[in-house]
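Working notes, beginning with the structure itself.
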Amino acid sequence: MSTKVGGIEFTDAAIEAIKAGEQVNGVVGSDGQFHSSASHFTPRASVPIQGHGKELKPQVRDKHGELVNPTGERVTAPDMSKNNSNHEAEKARIAAELQVEREALAEQRRRLAPAALVAELDDAKKRIAFLERAIKRLTKTVKEVQER
């Protein structure tokens with residue numbers, strides 16, 4: 322006799338073993354039954370590991386029975402030189418972008434340093450004082466011209 326728990330059927334022996342504190346190993350099959358060991362099968366087709374360029378690829382079919390891969394195609398190693406060159410170009414591009422960002426951040430840090438800000442403020446005060454003196458001179462010149 323068996324008992325169904327959570328959609329899985331356990332035998333009475335498995336339930337007694339669980340009650341006794343023992344571990345119960347096994348798998349749930351596609352039929353929903355609990356099996357003490359897993360089943361396995363031998364594949365019908367496989368891609369050979371050795372013999373690149375000599376072995377034919379297996380013919381893989383889709384659900385309608387039509388071939389997915391061309392017939393007569395051989396197993397070949399991938400061309401890594403193309404991938405490696407693309408990777409190196411991408412790394413160089415990213416490194417250049419990072420260098421530009423680092424330089425911009427360094428310039429920003431330099432400009433925002435406290436000493437740099439104080440120097441900029443002093444310079445601005447000097448310019449303002451110069452412009453105020455220039456305004457006074459021009460005002461005085463305008464008044465003299467108007468009085469004549």
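Using this note's numbering, read the sequence shown as starting at 322 and increasing by one per residue.
Note that beta-carbon positions come from the ideal geometry of N, C-alpha and C, so glycine has one too.
Name the two residues that bound the continuous alpha helix (DSSP H) containing residue i.
i	result
Val-326	That residue, Val-326, is in no alpha helix (DSSP H); its beta strand (DSSP E) goes 323-326.
Glu-453	435-468
Glu-418	401-432
Considering residue i, what are the terminal residues of the beta strand (DSSP E) in which it resides?
i	result
Glu-330	329-332
DSSP puts residue i in a beta bridge; with which residues?
i	result
Leu-388	Arg-382
Going by the beta-carbon positions, is the gap between residue i and residue j smaller than 9 angstroms?
i	j	result
Lys-325	Phe-331	yes
Ala-440	Arg-431	no
Under 9 angstroms between C-beta atoms, does residue i make it to chain D?
i	result
Arg-431	Here chain D cannot be found, since the structure has a single protein chain.
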